[in-house]
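In the numbering used here, the protein residues as written are 13 to 151.
For each residue, glycine too, the CB sits at the ideal point set by N, CA and C.
Since the model is a prediction, treat every value here as computed from it, not as a measurement.
What follows is one structure encoded as structure tokens, with my remarks underneath.
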Amino acid sequence: MDDSYDVVVVGAGPAGLASAKSCAEHDLKTLLVEEHPVIGEPVQCGETFHVSMLKELGLEDIPFNEPKNARIYSPDKKMIEIELQDGASSPLVIVERKILEKSFAVKVANIGVDIFTKTPAVDVIKENGFVKGVKVLHF
């Protein structure tokens, strides 16, 4: 394993994948470490995205659902249901996070990001008050 990178991103969720993508697009040698053995698992939840964000990330081809209504729950368990006016023309879509993360990981790997799964970050390496690296376990 090469241990010299410009950037190390910890976590292969949507934010980590987007960060790694941006770094690689700016010609930074990037490593993405993920503690779980498979990116996208365990399943966390669904995600709501604006259609333009999926396009910007190059993920417009993944399957998604267009919400027709929304339920909002208050802390005291009251629920209201809202019908979305635009229905199918709404710019918000719901995607399955497992599919999103796996598809996104393939895209970032294809632009040069090194990805290590089963690699939890256990500490940061500091020098003179600045983070200079990350200690990981690689199984």
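Around the CB of VAL148, 16 or more other CB atoms lie within 10 Å, so the residue is classed as buried. The Cβ-Cβ distance between LYS138 and GLY52 does not fall below 8 Å. In the DSSP annotation of this structure, the continuous segment of the alpha helix (DSSP H) that includes ALA121 starts and ends at 109-122.
Taking a contact to require three or more Cβ pairs closer than 8 Å, the segment 119-127 and the segment 33-42 qualify as touching. Put simply, of SER16, VAL63, ILE94, ILE74 the residue whose alpha carbon is nearest the alpha carbon of THR42 is SER16.
Per DSSP, LEU43 lies in no alpha helix (DSSP H) segment; the continuous beta strand (DSSP E) that holds it begins and ends at 42-45.
Closest in alpha carbon position to PHE76, among ARG83, LYS67, ILE84, is LYS67. Rounded to whole angstroms, the separation of the alpha carbons of VAL50 and THR131 is 11 Å.
Cα atoms of GLY145 and VAL107: separation of roughly 33 Å, rounded to the nearest angstrom. When VAL143, LYS110, PRO103 are compared, the shortest CA-CA separation from ILE74 is found for LYS110.
Residue environment analysis places PHE116 among the buried positions, since at least 16 neighbouring C-beta atoms fall within 10 angstroms of its C-beta. Checking the DSSP bridge columns, you'll see ASN81 partnered with GLU95.
Setting aside the 5 residues that flank it on each side, VAL63 is surrounded in the same chain by PRO103, VAL105, each with a C-beta closer than 7 Å to its C-beta; the list follows chain order. Approximately 11 Å separates the beta-carbon atoms of ARG83 and GLU95; this is outside 8 Å, ruling out the contact.
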